[in-house]
Each structure stands twice: as structure tokens, then as C-alpha cells.
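Chemist: Here the sequence shown is numbered in numbering that gives the first Met the number 0, starting from 0 and rising by one per residue.
Structure provided below as C-alpha cells; questions to follow.
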Amino acid sequence: MQNSRNYSKFAAHSFSMNVLRTKDEIGRYRKQLRHEGSSLGLVPTMGALHRGHLELVERACRENDAVLVTIFVNPTQFNNSQDLLKYPKTLETDLDKLKALHCTVSVFAPEVSEMYGDSPSARTYDFGNLEGVMEGVYRPGHFNGVATIVEVLLRLILPDRVYFGEKDYQQLQVVRQMVRQKNLPVSIIPCPIVREADGLAMSSRNTLLTNRLRKEAVFLYKMLEEVKNSFGTKNANEIAEFVREAFAAHPDFKLEYFSIADAETLLPVGATDETKKYRAFIAAYLGGVRLIDNLPLN
Ligand code: PAF
Numbered sequence: 000m001q002n003s004r005n006y007s008k009f010a011a012h013s014f015s016m017n018v019l020r021t022k023d024e025i026g027r028y029r030k031q032l033r034h035e036g037s038s039l040g041l042v043p044t045m046g047a048l049h050r051g052h053l054e055l056v057e058r059a060c061r062e063n064d065a066v067l068v069t070i071f072v073n074p075t076q077f078n079n080s081q082d083l084l085k086y087p088k089t090l091e092t093d094l095d096k097l098k099a100l101h102c103t104v105s106v107f108a109p110e111v112s113e114m115y116g117d118s119p120s121a122r123t124y125d126f127g128n129l130e131g132v133m134e135g136v137y138r139p140g141h142f143n144g145v146a147t148i149v150e151v152l153l154r155l156i157l158p159d160r161v162y163f164g165e166k167d168y169q170q171l172q173v174v175r176q177m178v179r180q181k182n183l184p185v186s187i188i189p190c191p192i193v194r195e196a197d198g199l200a201m202s203s204r205n206t207l208l209t210n211r212l213r214k215e216a217v218f219l220y221k222m223l224e225e226v227k228n229s230f231g232t233k234n235a236n237e238i239a240e241f242v243r244e245a246f247a248a249h250p251d252f253k254l255e256y257f258s259i260a261d262a263e264t265l266l267p268v269g270a271t272d273e274t275k276k277y278r279a280f281i282a283a284y285l286g287g288v289r290l291i292d293n294l295p296l297n
């Protein structure tokens, strides 16, 4: 575990940043850590870092001797080429944000060719029910792309712990399943959603919203709060009807899906069972920007 002694150990080089670009460099970095007996926490990201990412990094720093942040916009998880083009790419600003933290991290920012060779393609996984709902339906192939890059990174970097935000909750469940299926020796650490002051879940996509739409965006969270308040008094169908009507009446939002689901299987809830955990999930477009959010209900 990292403690104040470890922080000062790292403080010696806190003004420079160790940015690795190749798999070979990762191999040498990993060898050095193993030699020192240092534990390693991994925070995989696609960059455009915000407070949510930085909290994952800070937690990883508290729980490991060394932390590696990967910044890689993974082409195989975009099922829409426009979405990939629009995705914010801000490496220099990201590095500045990481340098400003009170812990020292290394960064792995490879080129696409380093990770995939000449023709990026995803492996095929079987996620069972997990891919037959929500993001799995609306972004076909997305989770194969996510699992491909996460598996490649985990096998290459061999971290002790890997940190994922619960904002991409379905991704978290898919990665858990992939790690189980492949028997990878890593602990997955889920971290709660970090929200803006008005409740909007932090996301790299928020920067794509105009000022006017940014103010409207909180509607997504307000809906989830209303769902939470009525969960237990109304049934799931009544709640879904209410959410659909509220979105239909909103001039800027276009609802893609709403689901109240078992937090483990992600299957839509029928009758509730007090021994289980449930979450509400929403995906919606706001002025062409796709936003997702979710909230635990019990
Ligand atoms: O959550 C993300 O940013 C990405 O899906 C991940 C896990 C870094 C894989 O590219």
C-alpha cells in the first residue's frame, strides 16, 4: 500500500513525467517494479481526463506503490466512425493534469499501430446476457473492442489492481466477466461515479456540449433521482413509462434506452427481490452528444 513514505519516495521526480510509448518500454518498466517489489495499479483511460479519472488515479496511488495511467483512444470499441473522429484527444493537457496531482504516475500512451499492428480489429468474446442489453444492443461490437484492449493491456502490464469508474457500469461487468473467463490475475476495483456540482456525471463527452446544452444535461441525473425516489412504490413498468414521457416532452433530449436492472446480471427487473441490488440506467442524445448515466436504487 502506498503511504506518506511512498509519496515522498516518488516526490523526487514529481516534475517530470515518465511517458512510455512502446510495449518494450512497458516490459522494462514492469521488470524494474518487480525488481523493487513494488505493487502496480493500472488506470486505463482514453484521455480527455476529468476529475472522475483523476479520482481513480488518486485512489490507485493510495493503494499501490506505483501507478500507470494508459491514455489510448481505442479504435476497435467505436462502432461509429464519426464518434471516433469527434472523441476529444488532449494528451498534453492530460499530462499536465496528472503532473498536478500529489502523486507521481507513469503514463502509457501508445500509437494505434503499437497496440494493433496495421489493421486494428477486435477479438470476439462471449459475454452472454451482458451484451444483449443496453450498450450491447445500441453499440454492437463495442464490448468486444473494450475487452480486446483491456485484455491486451492487462496481459502486457500485469497490474495488481485495475481501476474502473461505475459510470460505465456495463463495461465494468463485462470486464469482470472477461477477467474471470480468461483467469487473469488482477483485482478489479470499481469506483463510484464522480459528479459535477449540479449532479451531471463527469464524462469526456461533456466537453462536446454547448453552454446551453450543458445546463440542460442535468436533466439526465434528475430523472435518475426521480426513479430512485419512486422505486419501491411504483413498479418498473410504471417508472419506465414516466421516464419515457418525461424525455418525449423534453425539447433537446432524445432517449435511447432506460432500464431498471439487476446490478449483477443487468437483466431488466421483473419482480424485485430484497436480497438483490438494482440500478437504473439511461442513455440519451443531447444535441448529438450521447450521454449515459446510472444510479444504484437500493
Ligand atoms: O472506459 C474507457 O475509457 C475505455 O472504455 C477503456 C476501459 C479505457 C478501454 O479503452
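A virtual CB, placed ideally from N, CA and C, is assigned to each residue, including glycine.
#1: Kindly examine the ligand PAF and report whether one of its heavy atoms sits closer than 7 angstroms to the Cβ of VAL173.
#2: Which residues, in chain order, sit with a beta-carbon under 6 angstroms away from any heavy atom of the ligand PAF?
#3: Can you tell me which residues form a DSSP beta bridge with TYR277?
#4: Exposed or buried, THR92, counting other C-beta atoms within 10 Å across all chains shown (16 or more means buried)?
#5: With a threshold of 6 angstroms on Cβ separation, who are the neighbours of PHE230 within its own chain once the five nearest residues in sequence on each side are excluded?
#6: Please report how far the alpha carbon of GLY338 lies from the alpha carbon of ARG278, in whole angstroms.
#7: Could you say which of GLU130, ALA121, GLU110 and PHE163 lies nearest to ILE148 if we only look at CA atoms?
#8: What is the rounded straight-line gap between the Cα of LEU97 and the Cα of ALA283?
#9: Going by alpha carbons, who is nearest to ASN298 out of ALA65, LEU84 and LEU212?
#10: How far does the alpha helix (DSSP H) with ALA245 in it extend, from its first residue to its last?
#11: To the nearest angstrom, how far is the alpha carbon of LYS214 from that of LYS253?
#12: Does the region 133-142 come within contact of the region 178-185, defined as at least 3 CB pairs closer than 8 angstroms?
#13: List the DSSP bridge partners of ARG160.
#14: Would you check if there are 3 or more beta carbon pairs closer than 8 angstroms linking the region 35-55 to the region 161-174?
#15: Under 7 angstroms Cβ to Cβ from ASN63, same chain only, skipping five residues before and after it: list those, please.
#16: Is SER120 near the ligand MG - that is, is its Cβ less than 7 angstroms away from at least one heavy atom of it?
#17: Does ASN5 come out as helix, strand or coil in the three-state DSSP assignment?
#18: Going by Cα to Cα distance, which pick from PRO191, ILE192, CYS190 and LEU157 is closest to VAL178?
#19: Mind checking GLN76: buried by the 16 CB within 10 Å criterion, or exposed?
#20: Once the 5 residues before and after LEU171 are set aside, which same chain residues still bring their CB inside 7 angstroms of it?
#21: Quick one: is SER186 buried, meaning 16 or more other Cβ sit within 10 Å of its Cβ, or exposed?
#22: Would DSSP call ASP95 helix, strand or coil?
#23: Between which two residues does the beta strand (DSSP E) carrying ILE291 extend?
#24: Note down the Cα distance separating GLY287 from ARG33, rounded to an integer number of angstroms.
#25: Confirm, please, whether the CB-CB distance from VAL217 to LEU199 is below 8 angstroms.
#26: Excluding sequence positions up to five away, which residues of its chain have a Cβ less than 8 angstroms from the Cβ of ARG289?
#27: On the premise that VAL68 lies in contact with VAL106, defined as a C-beta separation below 8 angstroms, what is that separation, rounded to the nearest angstrom?
Modeler: In short:
#1: The answer is no for VAL173.
#2: Here the residues come out as PRO43, THR44, MET45, ASN73, GLN76, VAL145, ILE148, VAL149, ASP167 and GLN170.
#3: Looking at the DSSP assignment, TYR277 forms a beta bridge with ASP261.
#4: Exposed, by the Cβ-count rule.
#5: The residues LEU296, in chain order, have a CB closer than 6 angstroms to that of PHE230 in the same chain once the five nearest residues on each side in sequence are set aside.
#6: Outside the modelled stretch of the chain, which goes from 0 to 297, sits residue 338, for which no answer is possible.
#7: Taking ILE148 as reference, the option from GLU130, ALA121, GLU110 and PHE163 with the minimal CA-CA separation is ALA121.
#8: Pairing LEU97 with ALA283, the inter-Cα distance amounts to about 30 angstroms.
#9: Residue 298 is absent from the structure shown; the chain starts at 0 and stops at 297.
#10: Element bounds for ALA245: 235-247.
#11: Between LYS214 and LYS253, the alpha-carbon positions lie close to 16 angstroms from each other.
#12: No contact exists between the region 133-142 and the region 178-185.
#13: Partner(s): GLY40 and SER186.
#14: By the Cβ test, the region 35-55 is in contact with the region 161-174, since at least three Cβ pairs between them sit closer than 8 angstroms.
#15: GLN1, SER38, LEU39, GLY40, ASP159 and ARG160, listed in sequence order.
#16: With respect to the ligand MG, the structure offers nothing, as its ligand set consists of the ligand PAF.
#17: A caution first: ASN5 carries a pLDDT of 39, below 50, which makes its placement in the model too unreliable to give a value.
#18: For the residues PRO191, ILE192, CYS190 and LEU157, the minimum Cα distance to VAL178 belongs to LEU157.
#19: Buried, because 16 or more other Cβ atoms sit within 10 Å of the Cβ of GLN76.
#20: In the same chain as LEU171, and ignoring 5 residues on each side of it, the C-beta atoms closer than 7 angstroms to its own belong to PHE163, GLU165 and PRO189, in chain order.
#21: So SER186 ends up on the exposed side.
#22: Note: ASP95 maps to helix in three-state DSSP.
#23: Looking at the DSSP string, the run of the beta strand (DSSP E) that includes ILE291 is 288-295.
#24: Taking the straight line joining both Cα atoms gives about 46 angstroms.
#25: Taking C-beta atoms as the reference points, LEU199 and VAL217 count as a pair closer than 8 angstroms.
#26: Around ARG289: ASP82, ARG204, GLU255, ALA282 and ALA283.
#27: Rounded, the Cβ-Cβ distance is 5 angstroms, consistent with contact.
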